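Note that the working numbering has the sequence shown beginning at 1418, numbered continuously upward.
What follows is one structure encoded as C-alpha cells, with my remarks underneath.
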Amino acid sequence: HVCVLQTVIDLLSQGYRVYVVVDAVSSRSLTDRMYAFDHMRQAGAFLTTFESIVLQLTRDANHPNFKQIQQLIKTSAADTGLFPLQSNPISSL
1418 HVCVLQTVID
1428 LLSQGYRVYV
1438 VVDAVSSRSL
1448 TDRMYAFDHM
1458 RQAGAFLTTF
1468 ESIVLQLTRD
1478 ANHPNFKQIQ
1488 QLIKTSAADT
1498 GLFPLQSNPI
1508 SSL
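Structural data, given as C-alpha cells:
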C-alpha cells in the first residue's frame, strides 16, 4: 500500500487523473489499506474495482471479447474486507 500511495500522490501532484483498483492492492493489514485508500481518495484519486474498470473498458456487450470477459468477472473472488470503506469510517475520525 505504501508504494501505491506514494505513486498516487506523485502522479496527482503532476496533474494526472489517478484510478486505484482497490482489489488489486494489498498490505500487511486491512487497517493499513483502509487508511492508505482514504488518504488517496482525499488527495483526489478515484477508487474503483477490477470489475468496474474491465466493464468500463469493454463499454458494452458488442465488444468482441465480451463473453470471455463476462465469464472472467463471474468467477467468484475472495472478499477483500474493504466493504466498510464505502461508509468511509476513517474520515469521521
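Ideal placement from N, C-alpha and C gives every residue a C-beta, glycine not left out.
Note that the coordinates shown come from a computational prediction; the quantities given were computed from them, not determined experimentally.
Extent of the continuous beta strand (DSSP E) to which residue i belongs
{"i": "Tyr1436", "result": "1436-1438"}
{"i": "Thr1465", "result": "1463-1465"}
Proximal residues to residue i (C-beta, below 8 Å), its chain only, five neighbours per side dropped
{"i": "Ile1470", "result": "Tyr1436, Val1438"}
{"i": "Ala1462", "result": "Val1425, Leu1429, Val1435, Tyr1436, Val1437"}
Contact set for residue i: own chain, Cβ-Cβ below 7 Å, skip 5 residues either direction
{"i": "Pro1506", "result": "Summary for Pro1506: the model assigns pLDDT 46, below 50, so the residue's position carries little reliability, and this model does not support an answer."}
{"i": "Gln1423", "result": "none"}
Delimiting residues of the alpha helix (DSSP H) encompassing residue i
{"i": "Thr1448", "result": "1447-1460"}
Cβ separation of residue i and residue j, assumed to be a contact under 8 Å, to the nearest whole Å
{"i": "Leu1429", "j": "Ala1460", "result": "5 Å"}
{"i": "Leu1464", "j": "Phe1454", "result": "6 Å"}
Cut-off 6 Å between Cβ atoms - residues of its own chain near residue i, not counting five sequence neighbours on either side
{"i": "Asp1407", "result": "This structure gives no information on residue 1407, because the portion of the chain shown stretches from 1418 to 1510."}
C-beta atoms of residue i and residue j nearer than 9 Å
{"i": "Met1457", "j": "Val1421", "result": "yes"}
{"i": "Val1492", "j": "Asn1482", "result": "First, the amino acid is wrong: residue 1492 is Thr here, not Val. Contact: no."}
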